[in-house]
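Chemist:
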Amino acid sequence: MKHLLVKALKNKFEMAKEDAVELAKTVEKIFDGQEEVEDMNIDKYARSLFYELQRQKLLKQRREEFKEKGKIIRKYYWSFNNDIIREAAYEKAKKDPYLIYKKIPKEAWISRSYCN
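Note that the numbering used here has the sequence shown beginning at 831, numbered continuously upward.
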């Protein structure tokens with residue numbers, strides 16, 4: 831799963847492989863080998879990260895409601911969205927037609943502009 835998560839993060843966020851590896855390690859550490867993690871058990875920084883991953887559909891959230899002492903209690907659980915992670919991992923990189931211009935050094939643009 832970790833290998834797929836790294837590739838999915840790399841593709842979805844257009845990040846370097848090293849960054850994707852570290853982010854995947856962080857997420858895996860929070861899950862600690864479990865299928866789900868309860869929202870109350872994670873800190874606000876992890877929750878913020880999870881919301882960002884949820885926006886990209888790499889994580890999903892489940893809500894559970896029950897009554898305790900006459901009150902309705904809601905618990906939220908985070909889990910991996912394995913189907914989307916798999917899709918994102920094997921997604922072809924989007925071709926940016928203007929990427930070639932980003933590869934040209936700034937000095938080349940400046941020197942060329944003075945020639946006219």
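Even glycine gets a Cβ: it sits at the ideal position worked out from N, Cα and C. Given the structure is predicted, the values throughout are model-derived calculations rather than measurements.
Taking the straight line between their C-alpha atoms, what separation do you get for N877 and Y906?
Modeler: Looking at the sequence provided, one finds Arg at residue 877 rather than Asn. Whole-angstrom Cα-Cα distance: 11 Å.
Chemist: Where do the N-terminal and C-terminal ends of the alpha helix (DSSP H) with E882 fall, by residue?
Modeler: Unbroken alpha helix (DSSP H) run through E882: 874-885.
Chemist: What are the partner residues of R916, as DSSP defines its beta bridges?
Modeler: BP columns for R916 are empty, so no partner.
Chemist: Could you tell me whether the Cβ atoms of K887 and N911 are closer together than 8 Å?
Modeler: yes
Chemist: By a C-beta neighbour count over all protein chains shown, 10 Å radius and 16 as the cutoff for buried, is N871 buried or exposed?
Modeler: By the Cβ neighbour-count rule, N871 is exposed, with fewer than 16 other Cβ atoms within 10 Å of its own.
Chemist: Can you tell me the Cα-Cα spacing of L929 and D849, whole angstroms?
Modeler: 21 Å
Chemist: Out of W939, K933, K922, S909, state which residue places its alpha-carbon closest to the alpha-carbon of K842.
Modeler: K922
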